[in-house]
Ligand SMILES: Cc1cc2nc3c(=O)[nH]c(=O)nc-3n(C[C@H](O)[C@H](O)[C@H](O)COP(=O)(O)OP(=O)(O)OC[C@H]3O[C@@H](n4cnc5c(N)ncnc54)[C@H](O)[C@@H]3O)c2cc1C
Ligand SMILES: Cc1ncc(C[n+]2csc(CCOP(=O)(O)OP(=O)(O)O)c2C)c(N)n1
Ligand SMILES: [Mg+2]
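Chains as they are written, first to last, in the numbering used here: chain A, 2 to 569; chain B, 72 to 234.
Here it is as structure tokens:
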């Protein structure tokens, strides 16, 4: 039977098991919306701005192992979506983005709402397609899902001109698809894996450093097994939090620019470093020349060869899926009588414990003002550490990462690579839809939340009982902190004046608003908010404006050249 | 160091801009780039001459391989290879310059493709440095126009790049 392009697309989405599409209609996608309307397997979530659609699909994917799907119209729909696409790309999130395009015969004519979608998005997608013939549509959609989810994941865009969604073709969905030009190496080299295990067993000052790859590949269990088996210390990047249980005594906290003292010291001073699904980001290793100064052997497991030896030369590269490689390592260690030498490992741990005594995350618990760290700690206690936490970008993001102890992967959802303010609330919508019964919290700042505040309306429409924790310091705190440290306290345009009354704003959108001004009220307010299981509650915490994020490795400095909180 | 990369790529609209976009986005050099379909019309072969440290060229190769439409990448400079470039050069050839120019073209095994009473159009093939040498050998004032294809390359002997 012949189907229209729009019908074919919806059938393909059904075949892929897509339950939600996040989108916003417009002329070029009307055929597709009409088909969406006629069925009820694929549900559509109407956002209030296309950026929100992308972040929501992204949050949906990050919290569920599934592919996030977004649908936007041509021209301004696409340009609004670009921030969300780039955000997903930088953090390697599997997504399929469907965009409408002007009819094929109008392409290149400066037609109404035309833009070169494939050109504009090319640098921030894993791949993109313009479908010029309806007969290619089904196989292209199949390819898009295949590319998004295999190898190093990422967003894939399919641009569909309006005449293509209208034209007729025979429909059949391919079961599998192969591309002769795309064959990622997925199985780690056995010889390299053996070599790596040998190196690990001989280590005297070992360190395990893991990132987003462990979360993306659902390798947390495998990682935990290996690290416990070896008894080594383990740190996570901002993207890797939850990959190893934060409450495990072998966990030394996050590393990097705002990482713990002990993680950064151990990273610098180890003799064997096992890097797993992490990409030696500039916010992680500090000044590369300083990082090189220490002599250590590095093992790096990553699915993307271009992540290996990009910023830091490694000794034992292993290209493959981290989970399989870690499982293989566990097998080798378990079947061998050899274990790491106990004596040096013991003194290495003694050294780490010594670094931990710095207590680098300490803050003034007796302050008369609400300390943002206190809010996150209370949030952790009240949710039993089991909530999904999304965040925006800034100081609040760092405090959430530092003080909420993530024991499970996919619970911490934030924009690390692009650092996109406005991510938190729409991402939380996707998380809540993927996990309808779980507590979902968006930790945000008064500047970030205003970048996608319109999505409060979407939350109302779909009854999403998100808890918004606004750490309101009346400053773009992260910007202010840099200005305090590096620009002689000249706070150029980092103060937020004329803020809205967030309580009234929440109420205007049909939600519950609360303003909390005293440290003693923090816990009660949070409890009250979580008791309202059916409602979105916007908690506006008026926090200490002067608080800074510590430790901090200033830009250009070595990883161990940290600024610590002044003595309290 | 100078490297010659040979790339097999799907013959699809947009593949070229993905590759050139990669070079500009990541700040890699392109000295020259040539591309045309192969004996298999679904596939194109591209030759890119680039320069950079070994680490940079390793990254370039990895990044190229990461592009979905790229089938294979080989660094020809890693082994024995043949490199050829075609140049068309139009020179002033009047009076006493006329014989001199013919002689020079012969020495460089050039062919004169077009003649007027005032000019010659000469075709030359060879390595980039041979073409440079020709241009240096003639007086700059007589050159009216040059056009070069950029280098193409192929491995020597049994070195074969195909899928
Ligand atoms: C304000 C701000 C402050 C920040 N401060 C810090 C900080 O202090 N510390 C910090 O760590 N970060 C910080 N970041 C985040 C930082 O910018 C990077 O996003 C982050 O460090 C990258 O994490 P990652 O190395 O885990 O890589 P990711 O971006 O998560 O990349 C994942 C890696 O895993 C690989 N991979 C993916 N899937 C697989 C698989 N199946 N198998 C094998 N490999 C796979 C990928 O190829 C890639 O190399 C900050 C960001 C912001 C916005
Ligand atoms: C879209 C976007 N614009 C600008 C920035 C730069 N930036 C990073 S943090 C920050 C301030 C964030 O302020 P707020 O949301 O109040 O968080 P706080 O740091 O105060 O906790 C800014 C402007 C960014 N990351 N994203
Ligand atoms: Mg703020």
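Yeah, the Cβ is synthetic: ideal placement off N, Cα and C, and Gly gets one too.
- Remark: the shortest separation between the CB of residue 423 of chain A and any heavy atom of ligand 3 does not fall under 6 angstroms.
- Residue contact check for residue 140 of chain B against chain A: a CB pair falls below 7 angstroms.
- Beta-bridge partners of residue 543 of chain A (DSSP): A:473.
- Counting along the chain, residue 310 of chain A sits inside no alpha helix (DSSP H), nor does DSSP assign it H or E at all.
- Proximity to residue 496 of chain A across A:485, A:505 and A:506 peaks at A:485, based on C-alpha coordinates.
- For residue 229 of chain B, no Cβ of chain A is located within less than 7 angstroms of the residue's own Cβ.
- Look at the stretch 110 to 184 of chain B and you find these whole runs of beta strand (DSSP E), each 3 residues long or longer: 114 to 122, 141 to 146 and 152 to 163.
- In this structure the stretch 174 to 185 of chain B does not lie against the stretch 223 to 233 of chain B, because fewer than three pairs of beta carbons, one per stretch, are closer than 8 angstroms.
- Judged by the Cβ position, residue 553 of chain A fails to qualify as a neighbour of ligand 2 at the 6 angstroms threshold, every heavy atom of the ligand being at least this far.
- Along the length of the stretch 410 to 476 of chain A, whole alpha helix (DSSP H) runs at least 4 residues long occupy 425 to 435 and 456 to 462, reported in chain order.
- Counting along the chain, residue 62 of chain A sits inside the alpha helix (DSSP H) bounded by residues 51 to 63.
- In the displayed model, residue 330 of chain A falls within a helix according to three-state DSSP.
- One Cα belongs to residue 310 of chain A, the other to residue 214 of chain B, and the distance between them is close to 46 angstroms.
- A distance below 7 angstroms separates the beta carbons of residue 266 of chain A and residue 356 of chain A.
- In terms of CA proximity to residue 47 of chain A, A:459 leads the group A:533, A:549 and A:459.
- For residue 62 of chain A against residue 95 of chain A, the beta-carbon gap comes to about 6 angstroms, under 8 angstroms, which counts as contact.
- According to the DSSP secondary-structure assignment, residue 199 of chain A is paired through a beta bridge with no residue.
- Between ligand 2 and the CB of residue 474 of chain A, the shortest heavy atom gap is smaller than 6 angstroms.
- A distance criterion of 6 angstroms places the beta-carbon of residue 121 of chain A beyond contact range of ligand 1, judged by its closest non-hydrogen atom.
- Within the DSSP bridge table, the entry for residue 131 of chain A names A:160 as partners.
- Close to chain B, meaning a Cβ-Cβ distance shorter than 8 angstroms, are the following residues of the stretch 166 to 192 of chain A: 180, 181, 182 and 183.
- For residue 218 of chain B, the beta-bridge partners assigned by DSSP are B:159.
- By the neighbour-count definition (other C-beta atoms within 10 Å, threshold 16), residue 204 of chain B is an exposed residue.
- DSSP places residue 235 of chain A inside the beta strand (DSSP E), whose first and last residues are 235 to 237.
- Residue 390 of chain A is a Cβ neighbour of residue 442 of chain A, given a cutoff of 7 angstroms.
- Only 79, 80, 81, 84, 85, 88, 89, 92, 93 and 96 from the stretch 79 to 110 of chain B bring a Cβ to less than 9 angstroms from some Cβ of chain A.
- In the three-state DSSP reduction, residue 262 of chain A falls in the helix class (H, G or I).
- Residues 87, 88 and 91 of the same chain have their beta carbon placed closer than 7 angstroms to that of residue 419 of chain A, with the five preceding and five following residues left out of the count.
- Its chain contains 115 and 116 as the residues whose beta carbon lies nearer than 7 angstroms to that of residue 109 of chain B, once the 5 sequence neighbours on both sides are disregarded; these appear in chain order.
- Exclusion of the five residues before and after residue 42 of chain A leaves 15 as the residues of its chain whose Cβ lies within less than 7 angstroms of its Cβ.
- A direct Cα-to-Cα measurement between residue 436 of chain A and residue 54 of chain A gives close to 17 angstroms.
- Distance from the CA of residue 325 of chain A to the CA of residue 284 of chain A, rounded to the nearest whole angstrom, comes to 28 angstroms.
- Secondary structure note for residue 485 of chain A: its alpha helix (DSSP H) is the uninterrupted segment 478 to 487.
- The stretch 103 to 117 of chain A and the stretch 161 to 181 of chain A touch, with three or more beta-carbon pairs separated by less than 8 angstroms.
- The alpha carbon of residue 234 of chain A has as its nearest neighbour, out of A:523, A:251, A:242 and A:67, the alpha carbon of A:251.
- Looking from the CA of residue 260 of chain A, the closest CA among A:210, A:301 and A:216 belongs to A:210.
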